[in-house]
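*Asks:* Numbering-wise (this note's numbering), the sequence shown opens with residue 127 and increments by one.
Every residue gets a Cβ at the ideal spot worked out from N, C-alpha and C, and that includes glycine.
So that we are looking at the same thing, I have put the structure below in C-alpha cells.
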Amino acid sequence: MKKELSIFEQMGGTYTEIDGIFYPNLVLKPEKNVFVGKYGTIWMSYLEKNYPMRYVELHSAGELRQKAAEVNEEAMSVLNTMVQAYLKKHKPKNPNSTMEMRRLREQARAIAEEFILEDIVCRFH
C-alpha cells in the first residue's frame, strides 16, 4: 500500500522524526547584507511596529532588507529633488555667505524630510 503524502510533502517538504513526533524541516532564507540607509532603517522600524505580519512575511522570505533599501533609494531621490527645487526657488540674499547657504539647505532638507517621512517611509509597501 502506498503512503499518502501530506500537503507539505507534496510541496517538497520533509520531516525529521524525534521521539515519535514528526517535525517539519523549515529553513529561512538568509537575508542578503544590503545597505538599507537611514530611511530604510526607519521604515523597517515603522513596519515592525505598525504592520507586524508584513514585517514577519518579508523577513521570513529574506526580502526585508532589499525592500528597505528600495524605500531608502526612493526617499533619497525625492530628498535630492526637493532640496534642489527649494534652493532654486529661494535664492540667498548673499550667495557668498556660507552661513546663509547652510541655513537654506537645512530648511530645504527639513521640509523634504517631513514629506519623505509621511509619504514614503510611513506608508505600507
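(1) If the criterion is Cβ atoms closer than 8 Å, does the pair residue 201 and residue 162 meet it?
(2) Please report the Cβ distance between residue 197 and residue 246, rounded to the nearest whole angstrom; I am assuming they are in contact, meaning their Cβ atoms lie under 8 Å.
(3) When you compare the stretch 218–236 with the stretch 139–151, are there three or more beta-carbon pairs, one atom per stretch, that lie closer than 8 Å?
(4) Return the first residue and the last residue of the alpha helix (DSSP H) that residue 178 is part of.
(5) Checking 8 Å against the spacing of the C-beta atoms, do residue 242 and residue 205 come in under that value?
(6) Does the distance from the CB of residue 213 to the CB of residue 234 come in under 8 Å?
(7) Apart from the five residues on each side of it in sequence, which residues of its chain come closer than 7 Å, Cβ to Cβ, to residue 218?
(8) Give me whichever residues DSSP pairs with residue 149 in a beta bridge.
*Replies:* With the structure as the only source:
(1) no
(2) 7 Å
(3) no
(4) 178–186
(5) yes
(6) yes
(7) 226, 227, 230
(8) 142
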